[in-house]
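A.B. asks: Under this note's numbering, the first residue of the sequence shown carries the number -3, and numbering increases by one thereafter.
A single structure is presented below for examination.
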Amino acid sequence: MTTITLVQGDITRQSVDAIVNAANSSLLGGGGVDGAIHRRGGPAILAECRKLRASHYGKGLATGRAVATTAGELDARWVIHTVGPVWQGPGSDPSLLASCYRESLRVADKLSARTVAFPAISTGVFRWPMEDAARVAVETVGDMETAVEEVRFVLFDERAYEAFAEQVR
Ligand code: ADP
């Protein structure tokens, strides 16, 4: 049984087995959550990302996929990097956004992670509307068969928190 919990705050301050990063396909860092994770996690994360680019992920990580690295100095064992889709306007297909949550939890299961923190993937630079992103996130996690015991959504501001709270009611 997976419990969904909601926290308003900074995902880099969480103590969990795995922290999910809203990465970009280059895996080489960016703004938002990605920048915060690399800043607080230190250079070990980027070093592993560079190794991934030099081996199995020569073209980068595809949208909707996920891959794990060390969590460096974060209070977690792993960072799971996933690439959300960019909002293309009404009619945007949510399946790749759902895939981010599914694939991240699949990676978490392979690592035997029991607690996983997610940001609101795609709702920053990638502009996915918060209410729709919250619906996709909560529905997808709720439908998953996983050994993860706690999925913690870490929402940066009150608006994001309220959108997710609306979905778990
Ligand atoms: P994307 O490129 O997938 O849109 P972003 O990192 O730009 O990813 O934003 C995703 C969401 O994460 C946004 O709602 C943003 O406000 C939020 N966010 C930014 N920094 C943090 C942080 N340190 N902890 C938790 N959430 C964050």
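For each residue, glycine too, the CB sits at the ideal point set by N, CA and C.
Values in this document were obtained by computation on a predicted structure and should not be read as measured data.
Which ranges would you report for the alpha helix (DSSP H) in the region 86 to 128 if only whole runs of at least 4 residues count?
C.D. replies: Fully enclosed alpha helix (DSSP H) runs of 4 or longer: 91 to 106.
A.B. asks: Please indicate yes or no: does the CB of residue 119 lie closer than 6 Å to some heavy atom of the ligand ADP?
C.D. replies: Along the sequence shown, read from residue 1 onward, the residue named residue 119 stands at position 123. Yes, since a heavy atom of the ligand ADP falls inside the 6 Å radius drawn around the Cβ of residue 119.
A.B. asks: Could you tell me the alpha carbon to alpha carbon distance between residue 146 and residue 123, rounded to whole angstroms?
C.D. replies: Within the sequence shown, the letter at position 150 stands for residue 146. Within the sequence shown, the letter at position 127 stands for residue 123. Taking the straight line from one Cα to the other gives about 27 Å.
A.B. asks: Measuring straight from C-alpha to C-alpha, what distance separates residue -1 and residue 67?
C.D. replies: Sequence index remark: in the sequence shown, residue -1 carries index 3 (1-based). Sequence index remark: in the sequence shown, residue 67 carries index 71 (1-based). Those two C-alpha atoms are separated by around 23 Å.
A.B. asks: My understanding is that residue 8 touches residue 36, with C-beta atoms under 8 Å, so please give their C-beta distance in whole angstroms.
C.D. replies: Mapped onto the sequence shown, residue 8 falls at position 12. Mapped onto the sequence shown, residue 36 falls at position 40. Right, the Cβ-Cβ distance comes to about 4 Å (below 8 Å), so this counts as a contact.
A.B. asks: Let's see if you can read the secondary structure: which residues bound the alpha helix (DSSP H) around residue 160?
C.D. replies: For the purposes of this step, residue 160 is taken as residue 164 along the sequence shown, with counting starting at 1. 154 to 164 is the span of the alpha helix (DSSP H), which, as asked, contains residue 160.
A.B. asks: Beta-carbon within less than 7 Å of residue 89's beta-carbon, same chain only, minus the 5 sequence neighbours each way: which residues are those?
C.D. replies: By one-based count along the sequence shown, residue 89 stands at place 93. Answer for residue 89: no residue qualifies.
A.B. asks: So, for residue 117: in the same chain, excluding its five sequence neighbours on each side, which residues have a beta-carbon less than 6 Å away from its beta-carbon?
C.D. replies: Taking the first residue of the sequence shown as position 1, residue 117 is located at position 121. So the qualifying residues of the chain are 18, 80, 96.
A.B. asks: How about residue 6: is its Cβ closer than 6 Å to a heavy atom in the ligand ADP?
C.D. replies: What you label residue 6 is simply residue 10 of the sequence shown in a count that begins at 1. Yes.
A.B. asks: If you draw a straight line from the C-alpha of residue 106 to the C-alpha of residue 73, how long is it?
C.D. replies: What you label residue 106 is simply residue 110 of the sequence shown in a count that begins at 1. What you label residue 73 is simply residue 77 of the sequence shown in a count that begins at 1. The alpha-carbon atoms of residue 106 and residue 73 are separated by roughly 13 Å.
A.B. asks: Starting from the Cα of residue 184, find the closest Cα among 25, 103, 137 and give me that residue.
C.D. replies: For the chain, the structure presents residues -3 to 165; residue 184 sits outside this window and is missing.
A.B. asks: Less than 6 Å between the CB of residue 152 and some heavy atom of the ligand ADP, yes or no?
C.D. replies: For this step, residue 152 is matched to residue 156 along the sequence shown. Residue 152 Cβ: within cutoff of the ligand ADP.
A.B. asks: Check this for me: beta carbons of residue 113 and residue 15, under 7 Å apart or not?
C.D. replies: Within the sequence shown, numbered from 1, the residue matching residue 113 stands at position 117. Within the sequence shown, numbered from 1, the residue matching residue 15 stands at position 19. In this structure, residue 15 lies closer than 7 Å to residue 113 by Cβ.
A.B. asks: Just to check, is the beta-carbon of residue 50 closer than 6 Å to a non-hydrogen atom of the ligand ADP?
C.D. replies: In the sequence shown, residue 50 corresponds to position 54, counting from 1. No, the Cβ of residue 50 stays beyond 6 Å of every heavy atom of the ligand ADP.
A.B. asks: Starting from the Cα of residue 60, find the closest Cα among 5, 98, 69 and give me that residue.
C.D. replies: Indexing the sequence shown from 1 puts residue 60 at position 64. For residue 60, the nearest C-alpha among the options comes from 98.
A.B. asks: Go to residue 19, then tell me how far its alpha helix (DSSP H) extends in each direction, as first and last residue.
C.D. replies: On the sequence shown, residue 19 is found 23 positions in, with the first residue counted as 1. Counting along the chain, residue 19 falls outside any alpha helix (DSSP H), though it belongs to the beta strand (DSSP E) covering 14 to 19.
A.B. asks: Drop a sphere of 10 angstroms on the beta-carbon of residue 13, count the other beta-carbons inside from all chains shown, and report buried for 16 or more, exposed for fewer.
C.D. replies: The residue given as residue 13 occupies position 17 in the sequence shown. Buried, because 16 or more other Cβ atoms sit within 10 Å of the Cβ of residue 13.
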